[in-house]
Amino acid sequence: MSNTRAKKRPRLQNTSYHDSVPLDDDFDEIHAREGRLIRIGDLVRTAPLPRTSLVTDSTWNALSSWTPPDDSNYALDSNESSYNEQLEADVMDEPMPAEKPTKKKRSKVSKRPHIVWMEVHRQTYLDETLRWEGRADAFVQDECSDCVARSTTPRGRAEYRCSDCFIPDLTCASCCVRRHRMNPFHRIERWSNSRFVGVSLKSIGLKIQLNHLSMFCTNPIPCHTGMLVLHTNGIHEVDIQYCGCSRAIAPHLQLLRRRLYPSSQLNPRNCTTFELLRLLHHLSLATKASTYDFYRGLETATNNTGVNVPKSRYRALFRSVLQWRHLKLLKRGGRGNDPSGVSGTQDGELALRCPSCPWPGINLPDDWQNAPENMKFLYMVFICMDANFRLKNQLVSNYSQDPGLGIGWAYMVPRKPYEKYVLSKASDDDISTCVGFQALAKANSKYSVGLRYTGTNATVCGRSEMIFPLGVGNLHKGERYSNMDYIFGSVLQLILVAMVLISYDVACQWFVNLFSRIKNDWPPEIKPSRPIQLIPAIPKLHYSMHESADHEVFSLNLIPGAGLSDCECPERVWAPHNPLGNSTKTQGPGSRHDVLDDHFGFWNWLKYVGMGVTLLRKYKAAVAERNIQNEGHLGLTDVLDPQVVKTWEKLCEAWDSDRAFPKTHKNPYHIEDMRACSNFHTHDIPLTSVSIADISEVRVRKELAAEEEKRLKDGGISLNSTSAASFVGLGLEIEESQRRLERQAKDVTSHLATSKEGNLTEQRNALRTRIRVWEQLVPIYMPGLLQYVADRSRASQIPREVDSNEKSPPVQSHHPEFIEIYLPSRVVASDRAVVCRDGLVEIEERLRVGQCHDSLESLRQILRLKARMIQFKNKNIRGQREGTRSRAVIDRVHDRARAAAAKYRAAREALYCIRGPGLWEKTFRVLEDGDVRGYQDPDRLRPKHGRRGIWEDDQDQPGPESIPSSEISLFNEVRSRRDGTGETRRTISWIWMNERSSQSEDKDDDILRVEWAKSRARSERTREEVMLLKEEMQRVLRFLGWKADWWRQRAALRTAIGPELKEGIQAFALTQADVLEAMASHFKRLWDAPLQAVDDEDTDGSDDESSDAGGHDVGEARDQAHD
1 MSNTRAKKRP RLQNTSYHDS VPLDDDFDEI HAREGRLIRI GDLVRTAPLP
51 RTSLVTDSTW NALSSWTPPD DSNYALDSNE SSYNEQLEAD VMDEPMPAEK
101 PTKKKRSKVS KRPHIVWMEV HRQTYLDETL RWEGRADAFV QDECSDCVAR
151 STTPRGRAEY RCSDCFIPDL TCASCCVRRH RMNPFHRIER WSNSRFVGVS
201 LKSIGLKIQL NHLSMFCTNP IPCHTGMLVL HTNGIHEVDI QYCGCSRAIA
251 PHLQLLRRRL YPSSQLNPRN CTTFELLRLL HHLSLATKAS TYDFYRGLET
301 ATNNTGVNVP KSRYRALFRS VLQWRHLKLL KRGGRGNDPS GVSGTQDGEL
351 ALRCPSCPWP GINLPDDWQN APENMKFLYM VFICMDANFR LKNQLVSNYS
401 QDPGLGIGWA YMVPRKPYEK YVLSKASDDD ISTCVGFQAL AKANSKYSVG
451 LRYTGTNATV CGRSEMIFPL GVGNLHKGER YSNMDYIFGS VLQLILVAMV
501 LISYDVACQW FVNLFSRIKN DWPPEIKPSR PIQLIPAIPK LHYSMHESAD
551 HEVFSLNLIP GAGLSDCECP ERVWAPHNPL GNSTKTQGPG SRHDVLDDHF
601 GFWNWLKYVG MGVTLLRKYK AAVAERNIQN EGHLGLTDVL DPQVVKTWEK
651 LCEAWDSDRA FPKTHKNPYH IEDMRACSNF HTHDIPLTSV SIADISEVRV
701 RKELAAEEEK RLKDGGISLN STSAASFVGL GLEIEESQRR LERQAKDVTS
751 HLATSKEGNL TEQRNALRTR IRVWEQLVPI YMPGLLQYVA DRSRASQIPR
801 EVDSNEKSPP VQSHHPEFIE IYLPSRVVAS DRAVVCRDGL VEIEERLRVG
851 QCHDSLESLR QILRLKARMI QFKNKNIRGQ REGTRSRAVI DRVHDRARAA
901 AAKYRAAREA LYCIRGPGLW EKTFRVLEDG DVRGYQDPDR LRPKHGRRGI
951 WEDDQDQPGP ESIPSSEISL FNEVRSRRDG TGETRRTISW IWMNERSSQS
1001 EDKDDDILRV EWAKSRARSE RTREEVMLLK EEMQRVLRFL GWKADWWRQR
1051 AALRTAIGPE LKEGIQAFAL TQADVLEAMA SHFKRLWDAP LQAVDDEDTD
1101 GSDDESSDAG GHDVGEARDQ AHD
């Protein structure tokens, strides 16, 4: 038979292709998949890995042909191919048991390095440190090694050693000076026959000549006699010689050209090395420590005895560090490359802008304004505002004495217009009536006494957490609208797009009269000059603290285009900057501005360089969450009435498209007031009202009865007056009674009333009687059961090797609730034909299916009723007595839910024994405790594991406690602030996506409508998040490319300068451009395969030994691109 050769698969960019092969007629049955091993208990088998599909968003094609891969099946369960393989396998073929992976045993030196060091090496290390107090390797050296090497006569005495040089040999004074002409700030020690004494290079004759590479000048001019140089290893007395020959320049310039930063210009007496300034700058940014602490460290490094301590140079160091910060800000802002110089700096120009935000003309397509209505959210700016009361400033110094070096050039707003506007609105009463936030409560309080500023307020990008230029201001007396309005308006001047989402923790009241304030109060410099659409929002963590009435319009979970943004970015900004308050609160006003600008710039730089990994991880998580939420929403929608869903869909679309404030369309997320339940009383609800009639099981029993009647009419033989269906049904009723009595027995304790114990005894007697009646029918319908049980008993008595981990069988009780009821499902499949009458297995199977349907429907009804009761209790019941009564009724509802869950689990287990694995398991899934929750309840919290490393070696670490399945709690778990509300990534339990008996009440179920709308919103937000992240990746690459070109253009802007300066300016600009291009290439490589496993940085470079020292070293913070 001839076969036609299929066409070759076209090659995709950066992917592989497969050559076609001749195909037979049955090619449709061929499945080509990659596989991986999965473990189920002690068994191992292969499971398929879905092929990654490339999905290109049309919005990206307008920007570039590159797009990160997307996969609609990512993070979802694999298909049923593994089940098909198991189904088609031979019955006797069993998968090979998996060998449990043995954890590699760690050596003691790896597991307990401190213990090994303490036991073996501690004394040796101590001796070696003491050895350095003497001459060590130079013990026998009497003559200077340099004099010996140069054959100098007479040879000097070897008595000087450098503590900073790598070779610890001894030299004479002249050779020591010669060695340190290029290292003038090393620490020198002199051997005085019995010990070393610290000396300075100045005391043994070292002179440092400036302005000459040869270190020689024909007319040297000595510096100030008390000249001190601050270096990384201490404070040094030095003898510096200025150049006084024909090529002489100003003394402070001579110092700068030798990387010495003078604290003054006319007659410098103090200098700081560039190396120390760079180190202190980096340490300050990383640790938030003050310059005073660093200077104290330098003093102790110089002399820790308190004797002969140098005169304090703290003020000089503080000025130098502050100027160094400012120079770095100007340098990295490109002001040194601009012909207008420092004087041409514009407001906000030195701030580092967010590369992922939309900037027209930089990282947006030319036709971005023509985007469809449903795509305009891609070009929306997310602004988050908040205030911080820890970064306060005391009444120290003044602006005349400390005006600041560049206020308004970076992140802090210009002071004079800002304070002028705030002062004009000083009489505003901005006290919140919605929620008692501390921010507004402090507006008029004692906390402002003695303070120039009570804190700071800031605007932060809601996507990247970068601080906006001109987005930070000072609070004069609490968090007033005037303060927040000005920084918001300042940021709006930089935004050129048409949509802005503004998040503020009190947006519900701040936004109400915002447009009126813009029109009547805002000064011209911050008033928007173009139409702009503002969308108010409340951060997710703060949202739950507000009153719920009419607040859905502010919920980020429900705002179209918000994605998965939580807008809690200001809190993440304040957390690492709060320690700055210890040092900035006592600084002058101008110095404080400069320090805050520097630290905010460092924060932005960390976000800037980390954007590759950040967006990668966000994208990977967003794709997984999108697929999960989409599948969950589709599953819920499929089990609802299509007409009802269509009505709800129109309601949600009308709400989303309503851009008015407040919205005029009906709110699909709001539950109407429960006035219809006004006659609800807690004592009027009997237990039976929480369960629906057993419709499915009753129907099955009626069908079986009709079939039995037809069989008898057709001449069938009746074995007993009790039919086979009634026999199985009686067994199921006995099982249900056993479960009920077992629950009641747990509640009966020794201190309870005797009447309850007597009631339990009566029920047990009645159950025992029913079991005896059922046992009389067993020989009729299960004639081989007696022999089957006897064989099992003999088999269980055969000695066998017992696994130490195997649990011993439970001790059998004499109570009737523990008597085994043998139905066909309890018999091994291979013995059922011998034990049971024909048709008995099928009867139980049909009844078990009815039980599964009934118990799930009952569980859903119970959860609905529980939600209604809690809602009514929260709105209508007050007082201890009524509250206790209503809670007691809810507890009774919980008991019914536990009973329904136990019934379902028992029925499913029996059904599994009868049917085995199959497609039916997709309908009747395993019911976990976390699945028993309403469709408006959040997911169960993940189990929290104890902190690792807290158990002693001779202690056994306790495992997680097992919770009995009967102890299901329908109350939501107590969630801390760290846990959040769980609304963003909430999924709906599978019990609500199963087949239900009736859909007629869906249209009148407000709770179901709200939860369906929220499920739709979650699906939409996750879809938007994936699209936003794709767009942000593209914008970042385009921004970095634009910024690299920006630096290259500034390499040759300044022409009227010397060749040396021109070369330096060009080199710096080209270096910055290269760094940005390398960063873009690195990001692109990361994003080319974002759905692959991301290796965390779990190695710390500490040899091969793990550090169990009881803490973690603070890693070195990243520096900016170039110094």
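The UniProt record's numbering puts the last residue of the sequence shown at 1123; the count rises by one with no breaks.
Even for Gly, the Cβ is constructed at its ideal location relative to N, Cα and C.
| Asked | Found |
| --- | --- |
| Should the segment 165-185 be regarded as contacting the segment 126-142, the criterion being three or more beta carbon pairs within less than 8 Å? | yes |
| Spatial neighbours of residue 239 within its chain, please: C-beta separation below 8 Å, excluding the five flanking residues on both sides. | 202, 206, 207, 208, 222, 223, 227 |
| Please state if the CB of residue 155 and the CB of residue 143 are separated by a distance shorter than 7 Å. | yes |
| On the criterion of 16 or more Cβ atoms from any shown chain inside 10 Å, does residue 1015 qualify as buried, or is it exposed? | buried |
| Which term fits residue 608, buried or exposed, when burial requires 16 or more other beta carbons within 10 angstroms of its beta carbon? | buried |
| Any Cβ of chain D within less than 7 Å of the Cβ of residue 585? | In summary, chain D is missing from the structure at hand, where a single protein chain is found. |
| In angstroms, rounded to a whole number, what distance separates the CA positions of residue 517 and residue 482? | 9 Å |
| Tell me whether residue 508 is buried or exposed, calling it buried when 16 or more other Cβ atoms sit within 10 Å of its Cβ. | buried |
| Candidates 308, 494, 992: which alpha carbon is nearest residue 470's? | 494 |
| State the DSSP-derived secondary structure class of residue 432, mapped to helix, strand or coil. | Residue placement at residue 432 cannot be trusted, given a pLDDT of 48 that sits under 50; the coordinates are not used to answer. |
| In chain order, what residues of the same chain lie with their CB nearer than 7 Å to the CB of residue 333, ignoring the 5 residues before and after it? | 349, 350 |
| Using the C-alpha atoms, what's the distance from residue 581 back to residue 450? | 15 Å |
| In the DSSP assignment, the alpha helix (DSSP H) including residue 171 goes from what residue to what residue? | Per DSSP, residue 171 belongs to no alpha helix (DSSP H) and is neither H nor E. |
| Within a Cβ cutoff of 8 Å, which residues of the same chain sit near residue 722, ignoring the five residues on either side of it in sequence? | 730, 777 |
| Quick one: grab the DSSP three-state call for residue 1125. | Since the first and last residues shown for the chain are 1 and 1123, residue 1125 lies out of range. |
| In this structure, how does DSSP classify residue 1125 when only helix, strand and coil are distinguished? | Residue 1125 is absent from the structure shown; the chain starts at 1 and stops at 1123. |
| Confirm, please, whether the CB-CB distance from residue 365 to residue 1090 is below 7 Å. | no |
| Just the C-alpha distance for residue 550 and residue 602, rounded to the nearest angstrom, thanks. | 40 Å |
| Bridge partners for residue 555 per DSSP, in chain order? | 538 |
| Please classify residue 361 as buried or exposed, where buried requires at least 16 neighbouring CB atoms within 10 angstroms. | exposed |
| Closest by CA to residue 496, which one among 533, 859, 460? | 533 |
| Indicate the three-state DSSP secondary structure (helix, strand or coil) for residue 205 in the structure shown. | coil |
| Where does residue 645 fall in DSSP's three states? | helix |
| Would you mind stating whether residue 414 and residue 406 have Cβ atoms separated by less than 7 Å? | no |
| Cβ of residue 1086 within 7 Å of Cβ of residue 1040? | no |
| Using 10 angstroms around the beta-carbon of residue 856, count the other beta-carbons present and answer buried if the total reaches 16, otherwise exposed. | buried |
| Which residues in the same chain have their Cβ closer than 7 Å to the Cβ of residue 604, if we skip the five residues on either side of it in sequence? | 352, 466, 467 |
| Tell me the DSSP secondary structure of residue 771 in three-state form. | helix |
| Measure the alpha-carbon distance for residue 571 versus residue 505 and round it to whole angstroms. | 11 Å |
| Express the C-alpha separation of residue 864 and residue 691 in angstroms, rounding to a whole number. | Reliability of the predicted coordinates at residue 691 is poor, the pLDDT of 34 falling under 50, and the value obtained from them is presented with this limitation in mind. For residue 691 and residue 864, the distance between alpha carbons rounds to 11 Å. |
| Residue 1027 lies in the alpha helix (DSSP H); which residues open and close that run? | 1006-1049 |
| Please report the straight-line C-alpha distance between residue 774 and residue 928, rounded to a whole angstrom. | 32 Å |
| Taking all protein chains shown into account, decide if residue 805 is buried (16 or more other Cβ within 10 angstroms of its Cβ) or exposed. | Note that residue 805 has pLDDT 40, beneath the 50 cutoff, so the model's placement of it is unreliable and no number is given. |
| Cutting at 6 Å between CB atoms, please list the residues of its own chain near residue 1028, excluding the five before and the five after it. | 563 |
| Determine the DSSP secondary structure at residue 415, reduced to helix, strand or coil. | helix |
| Please classify residue 552: is it buried, with 16 or more other beta-carbons within 10 angstroms of its beta-carbon, or exposed? | buried |
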